Amino acid sequence: MAPMLPFPPFSKSSPAAKGRGLLFWAICTMVVFYAIYPASNWLASRQLLRHDFITPWDGLIPLVPEFIWVYFSFFIFILLPIWLVDARDVDALGKRQVTATVICGLVFALFPANLAFDRVVPDAEPYRSIFTLMFAVDKPHNLLPSLHIVYTVATGLAMVRTQWARGRHGLCAFLLLWGLAICASTLLVHQHHILDVLTAMLLVVLLQWLIPGPRPAGR
369 MAPMLPFPPF SKSSPAAKGR GLLFWAICTM VVFYAIYPAS NWLASRQLLR
419 HDFITPWDGL IPLVPEFIWV YFSFFIFILL PIWLVDARDV DALGKRQVTA
469 TVICGLVFAL FPANLAFDRV VPDAEPYRSI FTLMFAVDKP HNLLPSLHIV
519 YTVATGLAMV RTQWARGRHG LCAFLLLWGL AICASTLLVH QHHILDVLTA
569 MLLVVLLQWL IPGPRPAGR
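Using the working numbering, you'd call the opening residue of the sequence shown number 369 and step up by one each time.
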């Protein structure tokens with residue numbers, strides 16, 4: 369049996385308990401994120417030694433400003449568990465996200481990174497304003513593994529698990545395509561590199577093993 373990390377169970381079967389469980393884990397994730405992410409980015413900006421986690425293929429990736437809408441659709445995607453994740457899977461998803469945030473924060477602090485892409489502001493509006501604001505807010509050092517990818521993949525897998533069990537295979541395909549589009553968008557708006565994406569996906573696989581979801585009834 370895969371090991372379970374020591375977080376207390378929270379969610380129950382009722383919709384109200386599910387809502388409380390989602391809110392509890394959302395708050396936990398946000399607290400951990402805002403305690404770690406800005407601090408590690410600030411520390412990285414002051415380091416003389418930063419790492420270049422790039423591959424020869426990163427230079428072939430074009431900037432596609434229109435994909436910024438897909439990139440920002442992440443914020444809708446991660447809200448969907450309110451409706452699309454079964455109550456019994458809420459705890460596992462929350463634990464994975466909190467644990468991933470801590471692990472990524474440690475990696476960010478130990479291995480601050482440089483963004484290989486030049487931060488080019490598109491000429492056309494509204495992309496000029498959007499990219500200018502994004503570049504001003506998000507400093508390019510917390511790169512590997514990508515938390516944007518970790519949250520997307522972990523959330524997508526939790527939703528697909530529930531919806532597949534309910535026989536909603538078409539919805540599962542849509543969620544998978546949407547999640548993959550978000551992952552691609554992190555590259556196409558030049559916010560991340562290929563290794564950032566791959567290591568994030570590997571981290572989610574590891575957390576699926578460390579923090580398994582509940583077994584189906586009858587097993």
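Think of the CB as a built atom: it goes at the ideal place given N, C-alpha and C, for glycine as much as any other residue.
All values reported here derive from a predicted model rather than from experimental measurement.
Taking a 10 Å sphere around the C-beta of Pro406, we find fewer than 16 other C-beta atoms and assign the residue as exposed. Apart from sequence neighbours up to five positions away, the residues of its chain that approach Cys396 with a beta-carbon distance below 7 Å are Gly462 and Val466, ordered along the chain.
Residue environment analysis places Arg496 among the exposed positions, since fewer than 16 neighbouring C-beta atoms fall within 10 angstroms of its C-beta. Residue burial is scored here from C-beta neighbours: Val557 has at least 16 other C-beta atoms within 10 angstroms and is therefore classed as buried. DSSP lists Ala481 as the bridge partner or partners of His419. Ser408 counts as buried, since at least 16 other C-beta atoms from the protein chains shown sit within 10 angstroms of its C-beta. Of the other Cβ atoms in all chains shown, 16 or more fall within 10 Å of the Cβ of Thr523; this residue is therefore buried.
Relative to Val475, the option among Arg418, Pro430, Leu578 and Asp454 whose CA is nearest is Arg418. The segment 512-528 makes contact with the segment 546-553; the number of CB pairs closer than 8 Å reaches 3 or more.
In this structure, Leu555 sits near Val565, with a CB-CB distance shorter than 8 Å.
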